[in-house]
Amino acid sequence: MKKIGLYMLLACLLLACQKEDGITPGTGFENLYTIQDDPNDSIQHKRYELYTTYGVPVFFNDTIGKVFVKTDVNGDSVFRYETLDLNWAFSGTNSGSVTYQVTRLTDPGLMMKSLRFAEIFLKNSQQALYPYALWLTEKCYQLSSAGVEQKEIISRYRNLMFSWINQINEEDMLEKAAGYRNEIVKLKVQNYSDELNAFNNMLDESLYDKNWGEFYPDERIPYWRSSASLQIWFPWPLVEEWEQDSSYRKEMMTYGNVTNPNWPEGVWTDEEFDNYALYCRGLVGALGFVSYDPGYGSRFTPRNTDVDLELYLEEMMKYPRKQFLERWESSPLVIKKYEILYAIIRDELGVEL
Numbered sequence: 371m372k373k374i375g376l377y378m379l380l381a382c383l384l385l386a387c388q389k390e391d392g393i394t395p396g397t398g399f400e401n402l403y404t405i406q407d408d409p410n411d412s413i414q415h416k417r418y419e420l421y422t423t424y425g426v427p428v429f430f431n432d433t434i435g436k437v438f439v440k441t442d443v444n445g446d447s448v449f450r451y452e453t454l455d456l457n458w459a460f461s462g463t464n465s466g467s468v469t470y471q472v473t474r475l476t477d478p479g480l481m482m483k484s485l486r487f488a489e490i491f492l493k494n495s496q497q498a499l500y501p502y503a504l505w506l507t508e509k510c511y512q513l514s515s516a517g518v519e520q521k522e523i524i525s526r527y528r529n530l531m532f533s534w535i536n537q538i539n540e541e542d543m544l545e546k547a548a549g550y551r552n553e554i555v556k557l558k559v560q561n562y563s564d565e566l567n568a569f570n571n572m573l574d575e576s577l578y579d580k581n582w583g584e585f586y587p588d589e590r591i592p593y594w595r596s597s598a599s600l601q602i603w604f605p606w607p608l609v610e611e612w613e614q615d616s617s618y619r620k621e622m623m624t625y626g627n628v629t630n631p632n633w634p635e636g637v638w639t640d641e642e643f644d645n646y647a648l649y650c651r652g653l654v655g656a657l658g659f660v661s662y663d664p665g666y667g668s669r670f671t672p673r674n675t676d677v678d679l680e681l682y683l684e685e686m687m688k689y690p691r692k693q694f695l696e697r698w699e700s701s702p703l704v705i706k707k708y709e710i711l712y713a714i715i716r717d718e719l720g721v722e723l
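Structure (structure tokens):
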């Protein structure tokens, strides 16, 4: 009798499996991320090109498809929907304290422009930074207890979203895409808490949020528009425009006064300016920093470790490894902090600088 019962149970299980096989189609969620070509649809064809070239499916909607699950007791079909969740992180879904208000792309011209931008981003990024799926939207706002914030980019463990592309000029797309790439690297670095603790513990907290003059009271700036009230030293040559645009910095020099006999009088040559910039990097780097606090102005050290990390990552993404090491070779503390972050970016994220 027990054998008969066992046979009946096995038969029921087999029948159930056969029924399940019959109601479950061959199409699963993974197939929803496969982009099909339509040569007669320029937008769809462009999506297909991006998918076949870079392996990244691009969507204009957060709901990308549905999969048939079964027929319920009433004879109605039951589906499961696959969506792109902006709150999904590596450890699961966020608490929900942050929500997003999104306007979908519907204008064909803007959709094609967004696809061109996506292509520029993918073409100029390393594969390690490619998302599982890319969502292009017209507008996106982040709503939280802190208020409403316009979001141009949201990067999560699986998904990446770009928005407000209508505000990007065609000639600025490459620069903007590089900025987004750098932003993604910075966001991913935040996940490595142990390494970041080592980075943050390199400096004493007393170094943060201080006037540079507290560390270098005997230093004086060589030139400035007005010499009376701005004599306390700060690393003004590290301001990006002055460091990169020789015509701008020469114009600034013409307003200056000689306040430090160690530096030449008059309008400096590029070589003289670069020598002084190197000197300033030496003073900044001796404290373990690579720049001033952008929120407080060039007269203050970074206000905290978060700002310091942001400045390091910006400097690292701006210059290739060889050039970075050359720029800061006189500052061993900077090099040590750099190597901590470089190991994360290269070894963990797989991104070469």
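For the sequence shown, position 262 matches number 632 in the working numbering, and the numbering has no gaps at all. Glycine residues also receive a C-beta, built at the ideal position from the N, C-alpha and C atoms. All figures in this text were calculated on a predicted structure; none of them were measured in a lab.
DSSP has residue i in a bridge; who is on the other side?
| i | result |
| --- | --- |
| Asn529 | Ala503 |
| Gly667 | Asp663 |
| Glu519 | Gln512 |
| Glu452 | Gly435 |
| Ile524 | Met531 |
Measuring only the C-alpha atoms, how far is residue i from residue j?
| i | j | result |
| --- | --- | --- |
| Val468 | Lys521 | 12 Å |
| Arg528 | Ala503 | 7 Å |
| Lys546 | Asn539 | 9 Å |
| Gly735 | Cys510 | Here the chain has residues from 371 to 723 only, and residue 735 is not among them. |
| Asn401 | Ile434 | 11 Å |
| Ile714 | Leu557 | 12 Å |
| Tyr801 | Gln497 | The structure shown does not extend to residue 801, since the chain is modelled only from 371 to 723, so the question has no answer here. |
| Asp644 | Thr671 | 21 Å |
| Met572 | Phe694 | 19 Å |
| Gly658 | Ser484 | 40 Å |
| Trp505 | Asn431 | 7 Å |
| Glu680 | Ala647 | 21 Å |
| Val426 | Thr473 | 22 Å |
| Phe438 | Phe491 | 35 Å |
| Asp391 | Phe449 | Note that Asp391 scores 37 on pLDDT, short of 50, meaning its location in the model is unreliable and no value can be drawn from it. |
| Tyr708 | Arg697 | 12 Å |
| Glu565 | Trp606 | 31 Å |
| Asp408 | Leu719 | 35 Å |
Quick one: is residue i buried, meaning 16 or more other Cβ sit within 10 Å of its Cβ, or exposed?
| i | result |
| --- | --- |
| Leu711 | buried |
| Leu513 | exposed |
| Ala386 | Its pLDDT being 44, under 50, Ala386 is placed unreliably by the model, and the measurement read from it follows with that caveat. Ala386 comes out exposed. |
| Gly665 | exposed |
| Phe532 | buried |
| Val721 | buried |
| Pro478 | exposed |
| Asp717 | exposed |
| Asp446 | exposed |
| Ser661 | buried |
Quick one: give me the first and last residue of the alpha helix (DSSP H) that residue i is part of.
| i | result |
| --- | --- |
| Gly652 | Asp640 to Ala656 |
| Val472 | Here Val472 belongs to no alpha helix (DSSP H); instead the beta strand (DSSP E) covers Thr469 to Arg474. |
| Tyr418 | Ser412 to Tyr424 |
| Gln693 | Arg691 to Arg697 |
| Asp542 | No alpha helix (DSSP H) contains Asp542, which DSSP labels as neither H nor E. |
| Asp588 | Where Asp588 is concerned, there is no enclosing alpha helix (DSSP H), given that its DSSP letter is neither H nor E. |
| Gly479 | Pro478 to Lys493 |
Just curious, the beta strand (DSSP E) that residue i is in, first and last residue?
| i | result |
| --- | --- |
| Ile434 | Thr433 to Thr441 |
For residue i, which of the options has the nearest alpha-carbon?
| i | options | result |
| --- | --- | --- |
| Tyr421 | Pro501, Asn431, Val448 and Gln471 | Pro501 |
| Arg669 | Ser525, Pro587, Thr473 and Lys580 | Lys580 |
| Glu508 | Arg526, Met482 and Ile535 | Ile535 |
| Tyr689 | Asp542, Tyr586, Asn552 and Pro409 | Asn552 |
| Glu663 | Tyr682, Gln560 and Gly445 | Position check: residue 663 holds Asp in this sequence, whereas Glu was assumed. Comparing Cα positions, the closest option is Tyr682. |
| Pro587 | Trp603, Leu723, Asp477 and Asp574 | Trp603 |
| Met482 | Ile524, Lys440, Phe429 and Glu642 | Phe429 |
| Lys706 | Lys436, Ala568 and Ser495 | Ala568 |
| His656 | Glu589, Phe585, Thr675 and Met687 | Strictly speaking, residue 656 in this sequence is Ala, with His absent from that position. Comparing Cα positions, the closest option is Phe585. |
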